[in-house]
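As they're listed, the protein sequences go chains R and U.
Per this note's numbering, the very first residue in the first sequence carries number 1; after that it's consecutive.
Per this note's numbering, the very first residue in the second sequence carries number 227; after that it's consecutive.
C-beta atoms are modelled at their ideal positions from N, C-alpha and C, and glycine is treated no differently.
None of these values were measured; they are calculated from a predicted model.
Below is one structure, written out as structure tokens, with a few remarks after it.
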Amino acid sequence: MNTKIYFFCFFLLCCANFFGQSSYRYGILPAINLNTDLSKKWSVNFKTEARHIFQEKTDNVVNRRQEYIHTDFSLIAAKKVGIGNKLSVGFLARVRPNDIHKRFIQQYTLVRNYDGYRMAHRFASDQTLEIKNRVEVRFRYRTTFEIPLQGKSVDFKEFYLKVNHEILNRFENNSYDLGLRVIPLLGYKYTDKSKLEFGLDYRLNSFLKSGPNHTSWVSINWYLKI
Amino acid sequence: MAQKREKEFRISEEKIPSKAVSLIKSINTSGRIKWYYEENESGNSYEAKFKKKKKKISIEFGLKGNLQDVEIKIKEKEIPEKAQFEIRDFLDKYFSKYRILKIQQQFIDSAETLVNKLRNNSLLRETPNYYEIEVYGKKNNISKMMEFRFDSTGKMKILREIIPNNSDHLEY
């Protein structure tokens with residue numbers, strides 16, 4: 001019960017800030033995830049994700065605009081290192097209209113089965129090379145819950161609820177920022193190799209130092225195993 | 227090696243044979259009763275899940291409402307010491323590394339006997355016919371999920387590999 005109250009208070013706090021002096025923007029975030037097993041231990045994930053903005057508010061000015069922001073392309077190689085555990089390294093290219101950011105990714109994931117739900121933990125770090133040789137380093141922790149909506153586990157042609165909660169620690173030029181993400185998604189499993197998810201990707205940044213910066217994306221994910 | 231593939235989904239009580247519903251209602255259960263339809267390689271069935279004396283209990287019925295078995299989820303320490311030793315000894319030899327995920331007692335008897343014993347709670351203290359144990363383990367350097375069925379003395383009778391659901395969407 002305490003956890004529910006915590007989440008409810010957190011949600012109210014976010015809403016209060018959202019309509020206050022903070023800045024915000026929202027848009028759409030479609031993504032395609034392709035996964036393939038190279039052997040019994042090794043697998044590869046290729047992901048592409050685009051961002052398109054619909055509206056933003058900065059300095060108390062609301063700006064309605066349709067603007068393409070960027071597209072990410074990432075390739076991650078993972079090795080099974082234990083029972084339900086994977087160690088992965090990868091590279092991401094963020095392609096913007098005028099430049100490309102490069103990011104190196106390292107992550108460790110654990111997936112656990114429980115009676116009636118599954119839970120995953122992801123510990124990750126990444127280093128982004130930006131313009132003028134600036135480097136942004138992030139340490140991230142994400143918890144993911146998968147809750148079947150039609151049975152004890154998610155079978156094909158069934159719906160499920162997926163909730164991600166992530167904490168991001170960002171370091172750049174001797175400055176620190178804390179980010180939070182909450183991503184509730186409704187998923188549908190066509191087959192064991194194909195899933196579609198739809199939901200909200202809510203991000204909160206810069207709330208430690210200045211006015212909080214809210215970002216909300218309509219998230220559409222397609223996971224395909226080949 | 228045999229593989230375990232199951233598909234189950236929630237189903238409303240109205241779709242369950244009345245024979246099965248009345249049997250469940252005659253047991254003094256705590257909380258609500260959840261009904262499932264289960265499809266697996268050995269046939270289709272209905273399953274009622276509920277709690278009694280804080281124990282998670284599931285009763286499986288055939289499609290005509292005949293009771294097939296009763297399963298009760300337990301902790302390892304609830305297995306008698308001798309059987310527990312035999313089970314651990316088997317798993318230690320079978321896997322190089324493993325973790326027990328779930329243990330269920332399985333009772334097979336006549337519907338009348340099982341329901342009577344559930345009504346007066348005596349089944350919760352009885353030795354079962356079998357223990358069904360789900361294990362995540364590493365064998366020959368390959369991680370897999372297995373289901374073992376041990377008899378009441380801890381002798382392994384049946385083993386099946388559980389094909390886990392794809393978890394790419396939880397990792398990326």
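Practice prompt. Figure out for me which residue from LYS364/U, PHE311/U and LEU385/U has the closest Cα to the Cα of LYS303/U.
Written response: PHE311/U
Fill in: the segment 69 to 77 of chain R in contact with the segment 85 to 92 of chain R per 3-pair CB rule at 8 Å
yes
Item to complete: For chain R, find out if any of its Cβ atoms is closer than 8 Å to the Cβ of TYR398/U; answer yes or no.
Response: yes
Worksheet item: In the segment 40 to 63 of chain R, which residues sit with their C-beta less than 7 Å from some C-beta in chain U, listed in chain order?
Response: LYS40, ASN45 and LYS47
Worksheet entry | Extent of the continuous beta strand (DSSP E) run through SER219/R | 213 to 225
Worksheet item: Is it a yes or a no for the segment 336 to 353 of chain U touching the segment 183 to 195 of chain R, going by three-plus beta-carbon pairs under 8 Å?
Response: no
Practice prompt. Output the distance between the C-alpha atoms of LEU161/R and LYS308/U, rounded to the nearest integer angstrom.
Written response: 42 Å
Worksheet item: If the cut is a Cβ gap below 8 Å, which residues of chain R does GLU234/U touch?
Response: GLY151, LYS152, SER153 and ASP155
Item to complete: Go ahead and label GLN66/R buried or exposed: buried means 16 or more other beta carbons lie within 10 angstroms of its beta carbon, across all protein chains shown.
Response: exposed
Worksheet item: Listing by chain order, which chain U residues have their CB less than 9 Å from the CB of TYR223/R?
Response: ASN392, ASP394, HIS395 and TYR398
Worksheet item: DSSP state of ILE334/U, grouped into three classes?
Response: coil
Item to complete: Spatial neighbours of GLU146/R within its chain, please: CB distance less than 7 Å, with the 5 preceding and 5 following residues excluded, ordered by chain position.
Response: TYR117, ARG118, VAL154, TYR160 and LYS162
Worksheet item: Are the Cβ atoms of LEU344/U and LEU293/U separated by less than 8 Å?
Response: no
Worksheet item: Of all the beta strand (DSSP E) runs that stay within the bounds of the segment 272 to 340 of chain U, which reach a length of 3 or more residues?
Response: 281 to 287, 293 to 300 and 323 to 333
Worksheet item: Anyone know if the C-beta pair for GLY380/U and ILE298/U falls short of 8 Å?
Response: no
Worksheet item: Got a sec: is the Cβ-Cβ distance from ILE259/U to anything in chain R below 8 Å?
Response: no
Worksheet item: Along the chain, which unbroken stretches of the beta strand (DSSP E) at least 3 residues long are found entirely within the segment 44 to 94 of chain R?
Response: 61 to 82
Item to complete: Compare the C-beta of LEU12/R against all C-beta atoms of chain U and say whether one is closer than 8 Å.
Response: Confidence at LEU12/R is low in this model, with a pLDDT of 47, below 50, so its placement is unreliable and no value can be given for it.
Worksheet item: Do the segment 166 to 174 of chain R and the segment 236 to 252 of chain U make contact, defined as three or more Cβ pairs closer than 8 Å?
Response: no
Worksheet item: Does the beta carbon of TYR262/U come closer than 8 Å to any beta carbon on chain R?
Response: yes
Worksheet item: Looking only at its own chain, which residues have a Cβ that is under 7 Å from the Cβ of LYS365/U, when we skip the five neighbours before and after it?
Response: TYR320, PHE321 and SER322
Practice prompt. Report all residues from its chain with a CB closer than 6 Å to the CB of THR144/R; omit the five preceding and five following residues, and keep chain order.
Written response: ALA120 and ASN164
Item to complete: Please name the residues in the segment 101 to 115 of chain R whose beta-carbon is closer than 8 Å to at least one beta-carbon of chain U, in chain order.
Response: THR109, VAL111, ASN113 and ASP115
Discussion item. Which residues does DSSP list as the beta-bridge partners of SER256/U?
Written reply: LYS277/U
Fill in: DSSP-derived helix/strand/coil call for ASP201/R
strand
Worksheet entry | C-alpha gap between GLY187/R and LEU196/R, whole angstroms | 6 Å
Worksheet item: Going along the segment 61 to 87 of chain R in order, which residues come within less than 8 Å of chain U, judged by CB to CB distance?
Response: ILE76, ALA78, LYS80, GLY82, ILE83, GLY84 and LYS86
Worksheet entry | Inter-residue CB distance, ILE373/U and GLU358/U (contact presumed, cutoff 8 Å) | Note that residue 373/U is Glu in the sequence shown here, rather than Ile. That pair is a contact at about 6 Å.
Fill in: Selected residue, minimal CA-CA separation from TYR26/R, among ASN63/R, LEU180/R, GLY84/R and ARG122/R
ASN63/R
Discussion item. Please state the DSSP three-state secondary structure of VAL247/U.
Written reply: helix
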